[in-house]
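Written below as structure tokens is the structure these notes are about.
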Amino acid sequence: MNVVLLTILTLVGLGVISAVVLYMASKKFYVFEDTRIDVVEEILPATNCGGCGFPGCRAFAEALVKADDISSMNCPVGSSATMAKVAEALGKVAGNAKPQVAVVRCNGTCEHRLKLNNYDGAISCAVAAALYGGETGCSYGCLGCGDCVEACKYDAMYMDEETGLPVIIEDKCIACGKCVEACPKNIIEMRNIGPKSRRIFVSCVNKDKGPVAKKSCEVACIGCNKCFKICPHDAITMADNLAYIDDDACKLCRKCVEVCPTFSIHELNFPPRKKKAEEEAAAVES
Amino acid sequence: MLKTFSLGGIHPEENKLSADCEIEVLPLSPVVKVPISQHIGAPAQALVKKGDIVKTGQVIAKSSGFVSANIHSPVSGTVEKLEEVIDSSGYRRTAIIIKSEGDEWEEGIDRSPEIKREISSGKEEIIKRIAEAGIVGLGGATFPSHVKLSPPPGQKCELLIINGVECEPYLTGDHRLMLEKGEEVLIGVQLLMKALDVKRAIIGIENNKPDAIKHITNLSKDIEGISVQPLKVQYPQGGEKQLIEACIGRQVPSGKLPIEVGAVVHNVGTSYAIYEAIQKNKPLIERVVTVTGKSVKKPGNYLTRIGTPVSDLIEAAGGLPEDTGKVISGGPMMGKALSTVDVPVAKGTSGVLIMPDELSSRKPVQDCIRCAKCVSVCSMGLSPYLLMALSERAIWDSAEEEKVLDCIECGSCSYICPSSRPLLDYIRLGKSKVGQIVRSRTTQQQ
Chain A
1 MNVVLLTILT
11 LVGLGVISAV
21 VLYMASKKFY
31 VFEDTRIDVV
41 EEILPATNCG
51 GCGFPGCRAF
61 AEALVKADDI
71 SSMNCPVGSS
81 ATMAKVAEAL
91 GKVAGNAKPQ
101 VAVVRCNGTC
111 EHRLKLNNYD
121 GAISCAVAAA
131 LYGGETGCSY
141 GCLGCGDCVE
151 ACKYDAMYMD
161 EETGLPVIIE
171 DKCIACGKCV
181 EACPKNIIEM
191 RNIGPKSRRI
201 FVSCVNKDKG
211 PVAKKSCEVA
221 CIGCNKCFKI
231 CPHDAITMAD
241 NLAYIDDDAC
251 KLCRKCVEVC
261 PTFSIHELNF
271 PPRKKKAEEE
281 AAAVES
Chain B
1 MLKTFSLGGI
11 HPEENKLSAD
21 CEIEVLPLSP
31 VVKVPISQHI
41 GAPAQALVKK
51 GDIVKTGQVI
61 AKSSGFVSAN
71 IHSPVSGTVE
81 KLEEVIDSSG
91 YRRTAIIIKS
101 EGDEWEEGID
111 RSPEIKREIS
121 SGKEEIIKRI
131 AEAGIVGLGG
141 ATFPSHVKLS
151 PPPGQKCELL
161 IINGVECEPY
171 LTGDHRLMLE
181 KGEEVLIGVQ
191 LLMKALDVKR
201 AIIGIENNKP
211 DAIKHITNLS
221 KDIEGISVQP
231 LKVQYPQGGE
241 KQLIEACIGR
251 QVPSGKLPIE
261 VGAVVHNVGT
271 SYAIYEAIQK
281 NKPLIERVVT
291 VTGKSVKKPG
301 NYLTRIGTPV
311 SDLIEAAGGL
321 PEDTGKVISG
331 GPMMGKALST
341 VDVPVAKGTS
351 GVLIMPDELS
361 SRKPVQDCIR
371 CAKCVSVCSM
381 GLSPYLLMAL
391 SERAIWDSAE
401 EEKVLDCIEC
411 GSCSYICPSS
421 RPLLDYIRLG
431 KSKVGQIVRS
441 RTTQQQ
């Protein structure tokens, strides 16, 4: 009987001591965590893509709670809609970042841009770019080894075998910007999705002078200034023999697309043009 | 037992096809393209514009900093334009295009063949003249020579090592220079000794050039302080750190310069250029270029003006063979394949190697079999397989810890790999990325 009692008392005693120690430890080492972090994390898309510049959604949520001004912070996946919700939950003012999607600013397909030599090294754009200008005469364009596709964790890109260029699947792109970082030639850019997904951009990054650019690639921007002159909204800037369309200022009038002599300005997701334009295109082709 | 370096190394087929070909003077090209960036450091600033008349040896681009070099006109004629041309870097970069008319030299340049033996210039003057003459390391690294002759305060140079190793297979320019211009090279060495204020110089020559070893030993017998060190044939003995260890048994610590162990290394070609600059007042406007390859009809060594297109050299060697796979600027180990033969010869062009397709094309890449051959041949004691894996996965902090920056890019690992893995390609990428990170970190700290 004594043995049983002693055992029970010992165990109870141990339990009590442990409970007291644990209780004191939990008071002493208590970590205060803002409950709002959980709330914000719940709003964020949980993709953990790192596009915001923080390691994962939780870290971004912590940063959002901590910051006084969140107007310059943006979740590229959810963009303004998500940020508005976050701002509401935190009682802060959100920035006005528009939803974006990646675009490839090179149209130098095998057809348009003739191969002048053969690259024989490691299959990596970064390695090739460190070595030389590339297989064609254009040292600015896509190298075609697919570093961007490798970097995309959301299956939103693939290499088109016919053209040798990467293609972005718009529905899958979450605008995390990993491909932009991976491209050593800075061809991929994040641009506003635009109303009804309509976008206009210069699909070329060649900074060579017109004749040099044109010689190496048929569809290169030759810096002729035609688009710059015709743009009624001052959305186009010229620098280093290259046109750039500011997507915030662009009103999608498509006048620049029509005047571009090398067809280097691309329009995406527009309905087919009216007959007159079609006829003109047919005439040009013939 | 001949001396060599202790760690790693390989012995590829030597193929010194042009070793018995005397140096020939290549005829002037009608148009030369002189890149303004032919050296490590800041590109030079062009001093001429379209339509200017220039003479051979005139400064046409001025050094734009301490680590930079003057560039002189290699021909006389009219400046046609400044244009971006593809140079040996593989990118378009600014070059001065000069249409050659006659060959009128700048006044004061001594073109007579007599050897001027007596050294009248002082230490400071020699360094100043070397900088003015635009001399850079002609072994291939193209580091401005005057910088190497001005050791940082507190560090003292004890001896000079002259690199006559020419460990790259195929190349023979330095070999021929030692045989044909041995005396001039030795005067250059004496000038360097004076500039560095050292009493001792060792000329390291690999044992596959017995004629050069004999010739230079004979010539240097009566010169105090200069000795010849025959070395066992082992690639990459021409690397600065490997050569220092082979000659004097000292190891340069990781991340440090050779001056740390009291040595400065210059190339045989550089000493010849220094002789010409000081004794003959002739700037660096030409160099010996080896044109070679197994299918080349007439391999040879050509004294070539800077800016001459590589195609001229190929023409002189009997034209481009039909089975050509790659045209390489430099040797087969460290050279770089050219994307076009219009690339101009620059100060660092030691050779033009024409490789047949079957020898030059890469074999399909296979998986690493963990044989560690790359580790055993690495003369810097690195683990190339690991550095490649880290670079491929962009793990730059570990790559830095594994001393990726110590790599001298000799290519022994890629050469030996039985799985044909592109080890050096990725290590070079890692080196440049880690280099960027380290540089930005140091600027942040300042």
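Protein chains in written order, with this note's numbering: chain A, 1 to 286; chain B, 1 to 446. Beta carbons: idealized from backbone N, C-alpha and C, even for Gly.
- Annotated as proximal: Val65 of chain A and Leu90 of chain A, with beta-carbon spacing under 8 Å.
- Secondary structure at Gly269 of chain B: helix, using DSSP grouped into helix, strand and coil.
- Within the same chain, Ile119, Ile126, Ile274, Tyr275 and Ile278 come within 7 Å of Leu191 of chain B by CB-CB distance, once the 5 residues on both sides are set aside.
- Contact with chain A is absent for Ser120 of chain B, since none of that chain's Cβ atoms lies less than 8 Å from the residue's Cβ.
- Judged by DSSP secondary structure, Met334 of chain B falls outside any beta strand (DSSP E); it is assigned neither H nor E.
- Within 10 angstroms of the beta-carbon of Gly65 of chain B lie fewer than 16 other beta-carbons, which makes it exposed.
- With distances taken between CA atoms, Cys371 of chain B lies nearest to B:Ile416 out of B:Ala394, B:Ile416 and B:Asp357.
- Per DSSP, the beta-bridge partners of Val202 of chain A are A:Ile265.
- Of A:Arg105, A:Cys260 and A:Cys179, the smallest CA-CA separation from Cys152 of chain A is found for A:Cys179.
- The C-beta separation of Asn70 of chain B from Lys62 of chain B comes to about 6 Å, placing the pair in contact by the 8 Å criterion.
- Of all residues in the stretch 129–162 of chain A, only Ala130, Leu131, Tyr132, Gly133 and Ser139 come within less than 7 Å of chain B when Cβ atoms are compared, listed by chain position.
- When Cβ pairs closer than 8 Å are counted between the two stretches, the stretch 1–10 of chain B is seen to touch the stretch 361–381 of chain B, the count reaching three or more.
- Separation of Glu111 of chain A and Val202 of chain A (C-alpha to C-alpha, rounded to the nearest whole angstrom) is 19 Å.
- Secondary structure note for Gln100 of chain A: its beta strand (DSSP E) is the uninterrupted segment Gln100 to Val104.
- Straight across, the Cα-Cα distance linking Gly139 of chain B with Ile328 of chain B is about 16 Å.
- Residue contact check for Asp425 of chain B against chain A: a CB pair falls below 8 Å.
- Between the stretch 209–217 of chain B and the stretch 176–193 of chain B there are three or more C-beta pairs closer than 8 Å, enough to call the two in contact.
- Here Ile259 of chain B is not near Ile203 of chain B, since their CB atoms are 8 Å or more apart.
- Taking C-beta atoms as the reference points, Tyr154 of chain A and Ile174 of chain A count as a pair closer than 8 Å.
- Counting along the chain, Ser100 of chain B sits inside the beta strand (DSSP E) bounded by residues Arg92 to Ser100.
- Contacts between Val127 of chain A and chain B, judged by CB atoms closer than 8 Å, involve Pro422, Asp425, Tyr426, Arg428 and Leu429 in chain order.
- Taking 8 Å as the cut-off, the Cβ atoms of Ser271 of chain B and Val147 of chain B do not count as close.
- Taking C-beta separations shorter than 6 Å and ignoring five residues to either side along the sequence, the partners of Glu206 of chain B in its chain run Val165, Leu231 and Val233, following chain order.
- In this structure, A:Ile70 is the residue among A:Phe60, A:Val31, A:Ile70 and A:Ile222 with its C-alpha nearest to the C-alpha of Ala97 of chain A.
- Exclusion of the five residues before and after Pro99 of chain A leaves Ser79 and Ile193 as the residues of its chain whose Cβ lies within less than 6 Å of its Cβ.
- A distance below 7 Å between beta-carbons, with the five flanking residues on each side excluded, links Tyr426 of chain B to the following residues of its chain, in chain order: Met388, Ser391 and Glu392.
- A distance below 7 Å between beta-carbons, with the five flanking residues on each side excluded, links Lys115 of chain A to the following residues of its chain, in chain order: Glu135 and Thr136.
- For Pro30 of chain B, the closest of B:Asp323, B:Thr308, B:Gly300 and B:Ile285 by C-alpha to C-alpha distance is B:Thr308.
- Going by DSSP, Asn192 of chain A is part of the beta strand (DSSP E) stretching over Ile188 to Asn192.
- Within its own chain, the residues whose Cβ lies closer than 8 Å to the Cβ of Arg198 of chain A, once the five positions on either side in sequence are excluded, are Leu252, Glu267, Leu268, Asn269 and Phe270, listed in chain order.
- Counting along the chain, the unbroken alpha helix (DSSP H) around Thr443 of chain B starts and ends at Leu423 to Gln445.
- Residues Ser88, Gly90, Ile328, Ser329 and Gly330 of the same chain have their beta carbon placed closer than 8 Å to that of Lys336 of chain B, with the five preceding and five following residues left out of the count.
- When the five nearest sequence neighbours on each side are left out, the beta carbons in the same chain lying within less than 6 Å of the beta carbon of Glu170 of chain A are those of Val101, in order along the chain.
- Non-local beta-carbon contacts of Asp240 of chain A in its own chain, meaning distances under 6 Å to residues more than five positions away in sequence, involve Lys207 in chain order.
- In the DSSP assignment, Met380 of chain B falls outside any alpha helix (DSSP H) and carries neither an H nor an E.
- Taking C-beta atoms as the reference points, Pro299 of chain B and Ser37 of chain B fail to come closer than 8 Å.
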